[in-house]
Amino acid sequence: MPSLPSGEPVPSNGTLPPQALREVGSQPFGIYVHVPYCARRCGYCDFNTYTTAELGQDRGASRDSYADAVALELDLAHRVLGETPSVSTIFFGGGTPTLLPPAELVGIVAGVRERFGLREDAEVTTEANPDSVDAAGLRQLRDGGINRISFGMQSAVPHVLATLDRTHDPARLPELMAAARDAGFDQVSLDLIYGTPGESMADWLASVLAALSLAPDHVSAYALIVEPGTALARQVAREELPEPDDDDLADKYAAADGLLEAAGLSWYEISNWAGGPSSRCRHNQLYWSGGHWWGVGPGAHSHVGGVRWWNVKHPSGYAARLAAGRSPAQAREVLSESTRQVERVMLAVRLRDGLPVDALDDAVRPAIPDMVADGLIEARAVARSRVVLTPRGRLLADTVTRALIPSP
Amino acid sequence: MPPTPVPGATDPAMLRNFCIIAHIDHGKSTLADRMLQHTGIVDERTMRAQYLDRMDIERERGITIKSQAVRLPFEKTSGADAGAYILNLIDTPGHVDFTYEVSRSLAACEGAVLLVDAAQGIEAQTLANLYLALEADILVIPVLNKIDLPSAQPEKYAAELAHVIGCDPGDVLRVSAKTGEGVEALLDAIVVQVPPPRGDPDGPARALIFDSIYDTYRGVVTYVRVFDGHLRHRERIKMMSTGTVHEMLEVGVISPEPMKADRIGVGEVGYLITGVKEVRQSRVGDTVTAAVRGATTPLGGYRHPNPMVFAGLFPIDGDDYPVLRDALDRLQLNDAALAFEPETSGALGFGFRCGFLGLLHMDIVRERLQREFNLELISTAPNVVYRVGMEDGTEVTVTNPSEYPIGKIAEVYEPVVRATILTPSDFIGTVMELCQGRRGALQGMDYLSEDRVEMRYTLPLAEIVFDFFDALKSRTKGYASLDYEPVAEQAADLVKVDILLHGDPVDAFSAIVHRDSSYSYGVALAQKLKELIPRQQFEVPIQAAIGARVIARETVRALRKDVLAKCYGGDVTRKRKLLEKQKEGKKRMKMVGRVEVPQEAFIAALSTGEVGERTMRH
Chain A
9 MPSLPSGEPV
19 PSNGTLPPQA
29 LREVGSQPFG
39 IYVHVPYCAR
49 RCGYCDFNTY
59 TTAELGQDRG
69 ASRDSYADAV
79 ALELDLAHRV
89 LGETPSVSTI
99 FFGGGTPTLL
109 PPAELVGIVA
119 GVRERFGLRE
129 DAEVTTEANP
139 DSVDAAGLRQ
149 LRDGGINRIS
159 FGMQSAVPHV
169 LATLDRTHDP
179 ARLPELMAAA
189 RDAGFDQVSL
199 DLIYGTPGES
209 MADWLASVLA
219 ALSLAPDHVS
229 AYALIVEPGT
239 ALARQVAREE
249 LPEPDDDDLA
259 DKYAAADGLL
269 EAAGLSWYEI
279 SNWAGGPSSR
289 CRHNQLYWSG
299 GHWWGVGPGA
309 HSHVGGVRWW
319 NVKHPSGYAA
329 RLAAGRSPAQ
339 AREVLSESTR
349 QVERVMLAVR
359 LRDGLPVDAL
369 DDAVRPAIPD
379 MVADGLIEAR
389 AVARSRVVLT
399 PRGRLLADTV
409 TRALIPSP
Chain B
741 MPPTPVPGAT
751 DPAMLRNFCI
761 IAHIDHGKST
771 LADRMLQHTG
781 IVDERTMRAQ
791 YLDRMDIERE
801 RGITIKSQAV
811 RLPFEKTSGA
821 DAGAYILNLI
831 DTPGHVDFTY
841 EVSRSLAACE
851 GAVLLVDAAQ
861 GIEAQTLANL
871 YLALEADILV
881 IPVLNKIDLP
891 SAQPEKYAAE
901 LAHVIGCDPG
911 DVLRVSAKTG
921 EGVEALLDAI
931 VVQVPPPRGD
941 PDGPARALIF
951 DSIYDTYRGV
961 VTYVRVFDGH
971 LRHRERIKMM
981 STGTVHEMLE
991 VGVISPEPMK
1001 ADRIGVGEVG
1011 YLITGVKEVR
1021 QSRVGDTVTA
1031 AVRGATTPLG
1041 GYRHPNPMVF
1051 AGLFPIDGDD
1061 YPVLRDALDR
1071 LQLNDAALAF
1081 EPETSGALGF
1091 GFRCGFLGLL
1101 HMDIVRERLQ
1111 REFNLELIST
1121 APNVVYRVGM
1131 EDGTEVTVTN
1141 PSEYPIGKIA
1151 EVYEPVVRAT
1161 ILTPSDFIGT
1171 VMELCQGRRG
1181 ALQGMDYLSE
1191 DRVEMRYTLP
1201 LAEIVFDFFD
1211 ALKSRTKGYA
1221 SLDYEPVAEQ
1231 AADLVKVDIL
1241 LHGDPVDAFS
1251 AIVHRDSSYS
1261 YGVALAQKLK
1271 ELIPRQQFEV
1281 PIQAAIGARV
1291 IARETVRALR
1301 KDVLAKCYGG
1311 DVTRKRKLLE
1321 KQKEGKKRMK
1331 MVGRVEVPQE
1341 AFIAALSTGE
1351 VGERTMRH
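For the protein sequence lines, the chains are A and B, in the order given.
To get the working numbering, take the position in the first sequence, counting from 1, and add 8.
To get the working numbering, take the position in the second sequence, counting from 1, and add 740.
Next up, the structure:
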């Protein structure tokens, strides 16, 4: 799993600098809840997640006491932030949030509402593994205020799923989708992964078409990254599996983009497509637009007013700190204005809305005509004084970003 | 005991001037140390290991770049000729690039100790220097060193030396410079066998400059051997090659620290200081005489050192250009053979075209620039001097591929060397194959002993300067040794190969090569660059061309994807740091047209090692 960045220490009571607190209220506020449990580890995954076997008999780290620790952190968040606007979005990610009993997830939503208030129009999402949900559970989640669900479909092709260590039966998805709709979910998203070793273009097209046949409101499609330290990385290193090829990934991205757009799902972020503005994931948009969120759970990251911090990764250390009345944050970064500017550019450039040319440093603006000529950014958008990536530019977004951030 | 004779009043009959001819690592410096100790002028406590090698690079490489001379008072205790003597040990540079300097050191001596490792036998450079000594009609004392080593084979190598010199194996002395065994016997042999110097004490002064070094505090220190007359303190002296006159501010001997004297006379070896600031004004091989009533005929053998190998040196950080210029100026104070002039490269920016005596000379200069002046440098592949005759009768001298004329070329001449290769006889076939592949012509072959052979070739210098020595070493498991000396030039079918990136020629990669190897050179370099140049957002063709004719082509495919698919809350910090690091990394890119080429690609492409050792030769 990825190591946490290095940063400065966080006061044990979690206090934020006054200038960060002053910004609370200027931006929408969300809660991310990291659920660090999985039934098994998938070979490609480097997220902060643990199986029951890995956690062993450590009571503090177990799933049973997880909701208690989350409640303590929500108390801490409330103490630190004081008065906040009502919460706009909640997102349960993992790990596998649906390994928790639905009542616990719903209980956490209630806990957020009690402490901070939850907006009437709040978006409350959970990720769900097709293996670990059923119709009854979906209904329970929906009734408890969760109104958006994102299924980890990944692929419709059995041999691809096998390489990914995904154990669900792709044939179950239509049934689950129907159950979600029955339960009242009017926002359903599907996650797909492309570029798995052994996946042909035909396999990938079949997966995209299978996803589209389920009429989702939203699709996220991610290129497989061989993350260091994963089982997949070891298999690639041993040459048991081929390394994903950037050209193949580019072809698959372009193919998916074409199919999704044709089906009425438009890109609004490099890896995300939605059926309309109201189907875009509002929680993720918070990340990309400099919004504020408190990340609850082991290894979760937070951002408020130019301060980023991240919790200790292991569930037992996390639970122990909270039980001792201390902040579970491991370290933080207080961003300078110039660093915030770099982040604004880096994140906004990924969006269909792009960013205004005025928001760029004077020194980098001369690069814009060259990037138009190279087909990286849209000429029409530049005419409206905005920078928006072309389809080619989306795949070379790092090149564009480097050109648009000032030299250090 | 009689008093030690003082400089300027030493009977030539008491003098013995000698040098030590040896290969790197055969123990010359250790033997010199032992002699210093034995004659009592350096005691154990103040003894710095290898006293005579002063520069760090010399110590690390175990070679002597610049020579010095030491006056050793020696008491011979036995025999009819027992008594006080003055031995002048003249240290010689030990490498192929400094043959001329070696010949001048030899010219200052009446005798030479031929020192050979008893476990390895004679090496090619030693043999070449031995021939120089024999040509100069100097008495040679053959000595085997390191006889204390378990792997020593004194019988075998004594026979080999006897064969080479034409003496009896029993005449070969055996020493261990490490333990001191046999050193006294060697000193005795020097007294007995080396003839004392002869000269006209009353004639006009004539002294041979055999070394000249720059000292920060004292300016140029010139080492001389007096042949006739005397050189006196406060006298005005003249350099005969240029006619320039200088005041003699100081004269003296080294024993082993400088000792001022009133004068030095016939046969003596010492130093002079005139206030000159650059060694070019006091050149090795020149004759020093008195400004008034001086000699009219110089001592023979003076030659102006001409650079044989050229390369461009460019600072990696363009801001370091003035530092590089000052550093070259400083090195030139002490290096009459180093030549340089400003050069501008489209790919590498501002730098200097530098001329060197040979490859070692080039390596030493580069290393000193990096070490003593903290410069990070890119150097272009070395090339030799070409003389290009045009059809209209004009002639162009080319020291840089970029100067190679376009147009109707009648003939191109390249320098040729005479190479001596010593190898175990098992590798004769291998060496022949290598030399033939490098356009060599076998001139002769002799067995030094039953399993060692001397092979003589003529070879184009251009074929040697690239990686010949490495190829020879690797093909003979390190056993073969090489010496070469420029002898002539020859017409050859040479062409200039250019490399184009995205249609733009990259001057730093142009090379003059033989037509027969131009294709393999072009293919190899294009392939190597394909590996080294990162993918850009557009396709980058790499072409090798002779004139307008493309002889090889590779393509760096366009980069189509560099973005990470995910960027959520927990990814922001890492992602930002990565982008900032990449942005910083761009500063080390050189732009060739629109193509970003990492510095590392230039360094790797211009290094001699990785392209097939046969093909990439400039």
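We put the CB at the ideal spot given by N, CA and C, even for glycine.
Cβ-Cβ distance between residue i and residue j below 8 Å
i, j, result
"Asp911 (chain B)", "Gly943 (chain B)", "no"
"Gly203 (chain A)", "Pro250 (chain A)", "no"
"Gly152 (chain A)", "Val95 (chain A)", "no"
"Val227 (chain A)", "Leu268 (chain A)", "yes"
Unbroken alpha helix (DSSP H) run spanning residue i, endpoints
i, result
"Gln338 (chain A)", "Looking at the DSSP string, Gln338 (chain A) is not in any alpha helix (DSSP H); the run it does join, the beta strand (DSSP E), is 337-342."
"Ser274 (chain A)", "Unbroken run through Ser274 (chain A) is the beta strand (DSSP E), 274-277; no alpha helix (DSSP H)."
"Cys1175 (chain B)", "1168-1177"
"Asn869 (chain B)", "864-875"
"Leu384 (chain A)", "It is not in any alpha helix (DSSP H) - Leu384 (chain A) carries neither H nor E in the DSSP assignment."
"Leu879 (chain B)", "Counting along the chain, Leu879 (chain B) falls outside any alpha helix (DSSP H), though it belongs to the beta strand (DSSP E) covering 879-885."
"Ile154 (chain A)", "No alpha helix (DSSP H) contains Ile154 (chain A), which DSSP labels as neither H nor E."
"Phe1342 (chain B)", "1339-1346"
Residue-level contact to chain B via CB, residue i, 8 Å cutoff
i, result
"Met209 (chain A)", "no"
"Leu213 (chain A)", "no"
"Thr409 (chain A)", "yes"
"Ala3 (chain A)", "Residue 3 (chain A) lies beyond the range of chain A shown here (9 to 416); nothing can be said about it."
"His300 (chain A)", "no"
"Pro25 (chain A)", "no"
"Met161 (chain A)", "no"
"Glu341 (chain A)", "yes"
"Thr89 (chain A)", "Reading off the sequence shown, one finds Leu at residue 89 (chain A), where the question assumed Thr. Chain B contact via Cβ: absent."
"Gly303 (chain A)", "yes"
"Ile278 (chain A)", "yes"
"Tyr326 (chain A)", "no"
"Ile413 (chain A)", "yes"
Cβ-Cβ separation, residue j to residue i (assumed contact under 8 Å), whole Å
i, j, result
"Val1335 (chain B)", "Val1280 (chain B)", "5 Å"
"Glu1107 (chain B)", "Phe1092 (chain B)", "Not a contact, Cβ separation roughly 16 Å."
"Ala1305 (chain B)", "Ile278 (chain A)", "7 Å"
"Val880 (chain B)", "Thr866 (chain B)", "Not a contact, Cβ separation roughly 11 Å."
"Thr1072 (chain B)", "Leu1064 (chain B)", "First, the amino acid is wrong: residue 1072 (chain B) is Gln here, not Thr. Their Cβ separation, rounded to whole angstroms, is 12 Å, which puts Gln1072 (chain B) and Leu1064 (chain B) out of contact at 8 Å."
"Val320 (chain A)", "Arg329 (chain A)", "7 Å"
"Pro1155 (chain B)", "Glu1229 (chain B)", "5 Å"
"Ala411 (chain A)", "Val353 (chain A)", "That pair is no contact at about 10 Å."
"Thr1139 (chain B)", "Val1152 (chain B)", "Not confirmed; about 13 Å, so no contact."
Min CB distance residue i to chain A below 8 Å
i, result
"Gln1339 (chain B)", "no"
"Thr1313 (chain B)", "yes"
"Val1176 (chain B)", "Position check: residue 1176 (chain B) holds Gln in this sequence, whereas Val was assumed. Judged by the 8 Å Cβ criterion, Gln1176 (chain B) is not in contact with chain A."
"Leu989 (chain B)", "no"
"Gln1322 (chain B)", "yes"
Unbroken beta strand (DSSP E) run spanning residue i, endpoints
i, result
"Asp1132 (chain B)", "It is not in any beta strand (DSSP E) - Asp1132 (chain B) carries neither H nor E in the DSSP assignment."
"Ile1161 (chain B)", "1149-1164"
"Tyr1197 (chain B)", "1192-1200"
"Ala323 (chain A)", "Per the sequence shown, the amino acid found at residue 323 (chain A) is Pro instead of Ala. Segment 323-331 is the alpha helix (DSSP H) holding Pro323 (chain A); no beta strand (DSSP E) there."
"Arg1293 (chain B)", "1289-1296"
"Glu131 (chain A)", "126-136"
"Gly202 (chain A)", "This sequence places Tyr at residue 202 (chain A); Gly is not what is there. Run containing Tyr202 (chain A): 195-202, per the beta strand (DSSP E) assignment."
"Glu1225 (chain B)", "1221-1231"
"Ala1313 (chain B)", "The question names Ala, but residue 1313 (chain B) in the sequence shown is Thr. Run containing Thr1313 (chain B): none in the beta strand (DSSP E); it sits in the alpha helix (DSSP H), 1312-1325."
"His778 (chain B)", "Not the beta strand (DSSP E): His778 (chain B) falls in the alpha helix (DSSP H), residues 768-778."
Quiz item: Between the region 812-825 of chain B and the region 836-853 of chain B, do at least 3 Cβ pairs fall closer than 8 Å?
Solution: Flag = no, the region 812-825 of chain B and the region 836-853 of chain B do not touch.
Exercise. Mind the definition here: the region 1309-1324 of chain B touches the region 1283-1296 of chain B only if three or more C-beta pairs lie below 8 Å; say whether that holds.
Key: The region 1309-1324 of chain B vs the region 1283-1296 of chain B: no contact.
Quiz item: Using 8 Å as the Cβ pair cut-off and three pairs as the minimum, do the region 206-213 of chain A and the region 174-183 of chain A touch?
Solution: Result no; under three Cβ-Cβ pairs closer than 8 Å.
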